[in-house]
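Protein chains in written order, with my numbering: chain A, 1 to 467; chain B, 1001 to 1467. From the three backbone atoms N, C-alpha and C, an ideal C-beta is built for every residue, glycine too. Report on the structure given below.
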């Protein structure tokens, strides 16, 4: 038996038919709810969030560790009260959704405060269940000080541990973007930091020269890095202290804090139990309006498969931008809007100490799947006029179809103006520009701000010559 | 009687028929010659330059004045020897072209070193005669210390005056972008600087709020500004010293150095005398391959009318980017290439002390001529995540067609990431994107580098809502 509830809504009447329920108070869920509100001022909108926290900027957490951001609270961007007051969106925290009945249009949540189940009807529902950090079996033992960071709860637990135990030797497991950001944050906090990467290179999100430069930057800043062997186990005193990590090749790394950065997996259990179709990698399958296989149910964010706007193929890209963008699009569609979701270019940027890397579009493997005439052109340019003090080298790799010249992807690296310059490449991908088109753009120039031929023009122009 | 000359060329034979002559060793002329060489390794290429100098970066000169650039020589980017050795391009300096005979395919230059005339035949010719700084009648008197800056000669004369006379009170006449840059350069050099603008506002290249912010920035840095009255005359001791400027309203401004920034006019005398058609404002008329009305003669750079790629109308935009881009395109066309010149978006950026402004596309007046349903949307965003230290406000003005949503132009202002962000707008103009398209781009995000919704997304998204 469950209590069937309708939320109070404006205008009275049989409004339960017009309720939108969003499962997940993360970036995707809140972007969806907000966009639905913009589209339809009269809709009743309910967000169900299992944790006590919403709107946590996980992307900002490494910069709290580093000390760049002094106030942990500033990482919580919006409160439930903000949504209730400013956007007339009801947010119920500590409500873990336990079942979903697509045919009856009912969703049931466990209210963890009251210890009871509550069932809500909906006209449309958006799944924004997110992703969870992979942790192998490392969190199953009873050794303290091992963390995998994804949600606010994880971050808070780590912060609590730092305050209580004052660890001095950190081990980060995994050399992906997140692992590198965490390593930097802990290093800047003053800890001895080792990063253990099982493969032979860092930063798998980028091509090899980028990982190589980042490695140099990290090592120059005092971060130790081990390659080519995975962590197999940890030793220490159960419930008391951590001593060391043991690698598969037998090496032992002393540590009293471990951050696991082993990747993430979509939280698609709810969808799966409800009979909703999953795609490759157990990700909730969606169409271009972010509709799932179940009528009136949408999915967005880190639980959803998204369209790669360059290749037109399904992709999984659990990042803040795609969460917000797909959430907004799902909210738009669920509230009756007509715009589809154009998809993701997998654009991203990250700064490691003073070195910034940025990318957009297909990587080399994807590009080779997409075309048999891939060309890859590397070029070196400057961030400002060469004669202007502070001018920094910019390295650009451009991927394009050697026959048509169609741009397929780009990566950039340097110490100035990288993350904003990659956006011109991202726009070019959406517009299906060739490298010729790009090389002929009219871009801004001023000696302290850009060379006469901006790195975007220089790199695409060189690519156009190699066509 | 003239000596008819053929330059030595590779491969021997009757090569005079394959000679390209470029009139002007400025940015446009050298870009043209270089691109022609890339396109055709066998072409004989001759550049005729009237002054002793080529390849001078006038854009960099204010930063030499300011002390940002310590070495004046670094403003001369390439030497004649570089072109001869590396690109097999013959550059003759101190050769002032005195006549051009399009029907006979002959061009005559006065060799100022030898004091004789030399005539060259050509298969194709590119006019890159540039522009000259307007100076009213102010340079005609015999008062010292009055300069108008355009070419290397002007800059050298000013530098010589600074060294010899050590002036301490500078007056800059004209509040356009160049005038503002010169005022900043002289101020940073330690001089008392007054800027006299005849109208009521600064920075006519941008809309009013931008000039207003720049005014505040300039005044905060100790630059005096007078508005609403033009300079009518100067007083002082002829051949000896300058005393003051007299404004039309009677005010008197003491000064011992004057920099005129009154705008520029195309140097189209040679073209006109040769019977080549001029367009509005006495600019050499060109088609989309930068061909003039005379067969086999092209024009590029600051002497040429260029296509506005947004409106499709003729425009005059004497800037470094358009000089280089149109020069390159003219060289391509003259050497037998097939690519046309896409035109200019009038993209530009400038930094005044710590404040950067950037623009692209139509201004409000042009946009109103172009569409009867113009919309202008202002928005405020941040350069980084709001919670990240160093995050700076970004002000964006977007011009678009209220019916179709077609982007027509954009202006941005702030203290971080402005000049590179405007380029995404510039790319969108070339791709004929709507503000909706723009607001749905997948742009880079990382807390220290950009907010989740980049200013480009935020400003175009707001515009899309107001459609």
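Query, Result
"Using beta carbons (cut-off 8 Å, strictly below), is residue 1417/B in contact with chain A?", "yes"
"Just to confirm, are residue 394/A and residue 318/A a CB contact at a threshold of 8 Å?", "no"
"Given residue 1456/B, which residues of its chain have a CB within under 6 Å of its CB, disregarding the five upstream and five downstream residues?", "1421 and 1424"
"Report yes or no: is there a C-beta of chain A within less than 8 Å of the C-beta of residue 1303/B?", "no"
"Chain A beta carbons: is any one of them nearer than 8 Å to that of residue 1387/B?", "yes"
"Between the Cα of residue 222/A and those of 345/A, 34/A, 156/A and 180/A, spot the shortest distance and give me the residue it belongs to.", "180/A"
"Kindly say whether residue 1037/B, judged by its beta-carbon, lies nearer than 8 Å to any beta-carbon of chain A.", "no"
"Strictly under 8 Å for the Cβ-Cβ distance: is residue 442/A near chain B by that measure?", "yes"
"Between the Cα of residue 355/A and the Cα atoms of 174/A, 127/A and 212/A, which residue gives the shortest distance?", "212/A"
"With DSSP collapsed to three states, give me the class of residue 1192/B.", "strand"
"Kindly indicate if chain B contains any beta-carbon less than 8 Å away from that of residue 255/A.", "no"
"Decide yes or no for the touch test of the region 1224-1238 of chain B against the region 1096-1103 of chain B: beta carbon pairs closer than 8 Å, at least 3 of them.", "no"
"Quick one: measure Cβ to Cβ for residue 271/A and residue 292/A, integer angstroms, because I've assumed they're closer than 8 Å.", "7 Å"
"According to the neighbour-count rule (16 or more other Cβ atoms, all chains shown, within 10 Å of its Cβ), is residue 1454/B buried or exposed?", "buried"
"In chain B, which residues lie with their C-beta within 9 Å of the C-beta of residue 358/A?", "1444, 1446 and 1449"
"Is the beta carbon of residue 49/A less than 8 Å from the beta carbon of residue 92/A?", "yes"
"Buried or exposed for residue 1191/B, going by 16 or more other Cβ atoms inside 10 Å?", "buried"
"Whose CA, out of 76/A, 44/A and 74/A, lies closest to the CA of residue 90/A?", "44/A"
"Closer than 8 Å by beta-carbon distance: list the chain B residues that pair up with residue 421/A, in chain order.", "1420 and 1423"
"Can you tell me where the beta strand (DSSP E) with residue 1225/B in it begins and where it stops?", "1224-1226"
"Any idea which residues DSSP pairs residue 1361/B with across the strands?", "1409/B"
"Could you check the C-alpha separation between residue 1370/B and residue 1401/B for me, to the nearest Å?", "9 Å"
"Please list the terminal residues of the continuous beta strand (DSSP E) segment that includes residue 1336/B.", "That residue, residue 1336/B, is in no beta strand (DSSP E); it is neither H nor E in DSSP."
"Closer than 8 Å by beta-carbon distance: list the chain A residues that pair up with residue 1344/B, in chain order.", "442"
"Please compile the residues from chain B whose C-beta is within a distance smaller than 9 Å of the C-beta of residue 309/A.", "1442"
"Find the nearest neighbour of residue 82/A within the set 94/A, 72/A, 55/A and 59/A, judged by alpha-carbon distance.", "55/A"
"At the level of alpha carbons, what is the spacing between residue 1107/B and residue 1122/B?", "8 Å"
"Cβ of residue 1434/B within 8 Å of Cβ of residue 1406/B?", "yes"
"Give the single residue among 1399/B, 1032/B and 1051/B whose Cα lies nearest to the Cα of residue 1128/B.", "1032/B"
"So if I threshold CB-CB distances at 8 Å, which residues from the region 222-249 of chain A count as touching chain B?", "none"
"For residue 1204/B, I'd like the list of residues in its chain whose CB is within less than 7 Å of its CB, leaving aside the five on either flank, ordered along the chain.", "1176"
"Alpha carbon to alpha carbon, how far is residue 61/A from residue 1379/B?", "28 Å"
"Can you grab the Cα-Cα spacing for the pair residue 1282/B / residue 1397/B, in whole Å?", "32 Å"
"Roughly how many whole angstroms lie between the Cα atoms of residue 427/A and residue 461/A?", "17 Å"
"Can you list the residues of chain B that residue 478/A reaches, using a CB-CB cut of under 8 Å?", "Within the shown structure, residues of chain A are numbered from 1 to 467, placing residue 478/A beyond reach of any answer."
"How about residue 324/A: is its C-beta nearer than 8 Å to some C-beta of chain B?", "yes"
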